[in-house]
Amino acid sequence: MLSSNLGARPAPAIDTTDHASTGYWAYRLNVSPDDLAAAIDEVGPSVAAIRRHLGK
């Protein structure tokens with residue numbers, strides 16, 4: 788049974804149409820927005836895939 792107080796969790800994929808989302812993830816991953824965009828172009832918007840790609 789899942790606990791009801793898990794808290795907010797980040798989305799499993801980055802919404803590339805939302806500037807706030809891309810800004811948040813660039814900050815969280817400590818990369819520039821341009822580097823994040825390049826990573827998304829290479830591996831897609833999955834946060835896990837981007838982390839693996841960036842070595843984070």
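The number in my numbering is simply the position in the sequence shown, starting from 1, with 787 added.
Glycine residues also receive a C-beta, built at the ideal position from the N, C-alpha and C atoms.
Bear in mind the structure is a predicted one, so any value in this text is a computation, not a measurement.
In this structure, the straight-line span from the alpha carbon of residue 814 to that of residue 831 is close to 18 angstroms. Between the C-alpha atoms of residue 839 and residue 806 there is a straight-line separation of about 22 angstroms. Assigned with DSSP and collapsed to three states, residue 833 falls in strand. Of the residues assessed, residue 826 falls on the buried side of the cut-off, its CB having 16 or more other CB atoms within 10 angstroms. DSSP places residue 810 in the uninterrupted alpha helix (DSSP H) bounded by 806-815.
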